[in-house]
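Remarks on the structure that follows.
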Amino acid sequence: MLNRNIGTIILVFTLLMLSTSFGLTVIAEKGSIVYYNGSLIGAIKDNSISFSATFPGILKVVKPGYLPFEKEITEDGTVVAYLAMPGYLRINVTPENAEIYINDVRYYPNTKYDMQPGQYKLKVTAPGYTTKIIEFSINKSEEKVINVSLKKTVTLTINSSESISNVFFGVKTIDVPNVIEVLPGTYKLIISGKFVYNIQEFKIPPVDSFSITINTQKKYNLQIMGDPENAYAKINEKTYKLPFDGDLPEGKYTIKIFADGYKEEVREIELSEDKVISYILNPIDLHKIEILEEDYKIEFDGFQLDKAVRRVYFTTIKDRENKIVWFGFSDGTLRWLPSTVPIAISPDFQVTIAGKSFQGPAILHVQKGQKISLYNRLIGTRTLIIDELSIFDSPDKCLVNIYSKTTLDVFLDGNYIGKTPIYLFVTNAGNHELVLKKNEQEVFRNQISILQGKLNEFSIDK
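When we follow full-length UniProt numbering, the leftmost residue of the sequence shown carries the number 1, and every step to the right adds one.
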């Protein structure tokens, strides 16, 4: 009785295991051949086939004249295998040695290929020819023939936001916009007129067609002038000494005009044509000039003034005989003869005072009786007591100041040296030709004599 019960239990367990085994059903067109993990399962006779399977596995269903169906299976169940009709593709190319790639896979000409319906990218290349790229689609059952003839030139489309004539492209003269044939390479494009980029360079790759766009941003003339002339303008973070006359790219600009001793002024402009900006800055402090010692006169930047704006001036005080008794920089409010003694040194001298060294060109002020150490390569080091105004220079390095009533361009012996006022310019002793210009127009020309051992000052009433 016990043995009979044990046999019944084993039979039930076996049936239970068989009833829970994994199974896979594949539905496909009649006549399809089914493979699983590379093994032949069989042909579909009644639209489906079922079999035991282990997971995961690769299911493959094929049928002549259809594209294969392939899928990874991870669990039991039913899979519907849709077999698609292929498209057919043939590619004919010139030259015959051209290489064909479709989606980066090598193909060969004059061969009929079965293709999965969809989108493709065709690339054809050959030595000495430009590469042609074609995007195409193919539908199921479609027979497509693509004929490709490579050429040695590039069809170049030149885009431009405006029409421009007589443009130099390489060695050709063309109008733009345009479409032209060119060999691959690097080309310079030259456009004349008020453009920011008159010369532009383009690299044309060896492809069948290519496009470039010319930068046609224009530039316009901007002039800034007014009072005081020796002001500055900060234009979009770049600072210029005024007056300013230059070309800038079209666009919006923030312009801050400022000068020492004056209230600054800010302008917002849209530069879309030539423009002139005039200004008059208001002084922060305009005061009357009054020196309280009758035996002296005072000059600020080379001239006696009735009123002065509080700013930095090169200041000279002279006696009744027009001899300089003091010089230095001041803010225009000096009323008394200072007690300090001025020292001027040219670049080849060095002065040491109380352990601190100063290299020329420079202006120093010391108390009367100050002991200094003076060094020059030719004379060596000397110790001196300073009791009066002193100039230390050499025949080839003399100090020169040049002033004018308005801001002028200064040329010495034909060389441009800056705008007035010129402070502590260094040149050799002797005769020189001094020329001053305003807006490129000459307003002063004269021979001047520069002497060693003095501060050479030239004040031009222009």
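Yeah, the Cβ is synthetic: ideal placement off N, Cα and C, and Gly gets one too.
Could you tell me if V276 is buried or exposed, where buried requires 16 or more neighbouring beta carbons within 10 angstroms of its beta carbon?
The residue is exposed, with fewer than 16 neighbouring Cβ atoms inside 10 Å.
Report the three-state DSSP secondary structure of F358 (helix, strand or coil).
Of the three classes helix, strand and coil, the one that applies to F358 here is strand, per DSSP.
To the nearest angstrom, how far is it from the Cα of D227 to the Cα of T352?
Roughly 41 angstroms separates the two Cα atoms.
Measuring straight from C-alpha to C-alpha, what distance separates I257 and N230?
C-alpha separation (whole angstroms): 11 angstroms.
Going straight from the alpha carbon of H240 to that of S211, what length do you get?
His is not the amino acid found at residue 240; the sequence shown has Tyr there. Rounded to whole angstroms, Y240 to S211 spans 39 angstroms at the Cα level.
Buried or exposed: which applies to L286, given that a residue is buried once 16 or more other Cβ atoms fall within 10 Å of its Cβ?
Looking at its Cβ environment, which holds fewer than 16 other Cβ atoms inside 10 Å, L286 is exposed.
Under 8 angstroms between the Cβ atoms of I91 and I146?
Yes; because the gap between Cβ atoms is below 8 angstroms, this pair is in contact.
My parser needs the beta strand (DSSP E) runs of 3 or more residues fully inside the stretch 293 to 335; what are they?
Fully enclosed beta strand (DSSP E) runs of 3 or longer: 297 to 300, 307 to 309, 313 to 318 and 324 to 330.
For a test of the three-state rule: what should DSSP assign to P249, helix, strand or coil?
In the structure shown, P249 sits in a strand (DSSP, three-state: E or B).
So, with DSSP's three-state summary, where would you put K454?
Residue state, collapsed to three classes: coil.
Can you find at least 3 beta carbon pairs, one from the stretch 388 to 408 and one from the stretch 450 to 460, that sit closer than 8 angstroms?
Contact holds: three or more Cβ-Cβ distances are below 8 angstroms.
May I have the straight-line CA-CA distance separating residue 472 from A81, to the nearest angstrom?
Here the chain comprises residues numbered 1 to 462, so residue 472 is not present and cannot be evaluated.
Can you give the beta carbon distance from K151 to G87, rounded, assuming they're within the 8 angstroms contact cut?
The pair is not a contact, with the Cβ atoms about 28 angstroms apart (cut-off 8 angstroms).
For F78, which residues from the same chain have a beta carbon less than 7 angstroms from its beta carbon, with the 5 sequence-adjacent residues on both sides left out?
It should be noted that the sequence gives Thr, not Phe, for residue 78. Here the set comprises T25 and I27.
Among the residues of its own chain, which have a CB less than 7 angstroms from the CB of P205, if the five just before and after it don't count?
Excluding sequence neighbours, P205 sits near P184.
What are the start and end residues of each continuous beta strand (DSSP E) run of 3 or more residues lying completely inside the stretch 252 to 298, in chain order?
Entirely contained in the stretch 252 to 298, the beta strand (DSSP E) runs reaching 3 residues are, in chain order, 265 to 271, 275 to 280 and 286 to 288.
So G65 is in the beta strand (DSSP E); what residue range does that whole segment cover?
Taken as a continuous stretch (DSSP letters only), G65 belongs to no beta strand (DSSP E), as it is neither H nor E.
Spell out the partners DSSP gives E135 in its beta bridges.
Answer is K121, bridged to E135.
Does the Cβ-Cβ distance between E250 and Y279 come in under 8 angstroms?
Against a cut-off of 8 angstroms, the Cβ pair of Y279 and E250 comes out as no contact.
Skipping 5 residues on each side, what residues in its chain have a beta carbon closer than 6 angstroms to that of K123?
Hits under 6 angstroms: Y101 and I133.
Per DSSP, what kind of secondary structure is Q350 in: helix, strand or coil?
Residue state, collapsed to three classes: strand.
Report all residues from its chain with a CB closer than 7 angstroms to the CB of I385; omit the five preceding and five following residues, and keep chain order.
Excluding residues within five positions, the ones whose Cβ falls inside 7 angstroms are G369 and K371.
Check the C-beta distance from L176 over to L156 and give it rounded, since I have them as a contact under 8 angstroms.
Reading the sequence as shown, one finds Val at residue 176 and not Leu. 11 angstroms between Cβ atoms; not a contact.
Considering only residues of the same chain and omitting the five flanking positions on each side of I324, which have a CB-CB separation below 6 angstroms?
Around I324: T316 and K318.
Which class does I174 belong to by DSSP, given the choice of helix, strand or coil?
In this structure, I174 counts as strand in the three-state DSSP scheme.
Determine the DSSP secondary structure at F244, reduced to helix, strand or coil.
Strand at F244.
Assuming K30 contacts I44 under a Cβ cut-off of 8 angstroms, what Cβ separation, rounded to an integer in Å, is found between them?
About 6 angstroms separates the two Cβ atoms, so the contact holds.
Do the stretch 379 to 395 and the stretch 406 to 415 touch if we need at least three Cβ pairs shorter than 8 angstroms?
Judged by Cβ distances under 8 angstroms, the stretch 379 to 395 makes no contact with the stretch 406 to 415, as fewer than three pairs qualify.
Can you tell me which of F168, Q452 and H365 puts its alpha carbon nearest to the alpha carbon of S394?
The option with the nearest alpha carbon to S394 is Q452.
I'd like the list of long-range same chain contacts for T125, defined as Cβ closer than 6 angstroms, with 5 residues on each side in sequence excluded.
E99 and T131, listed in sequence order.
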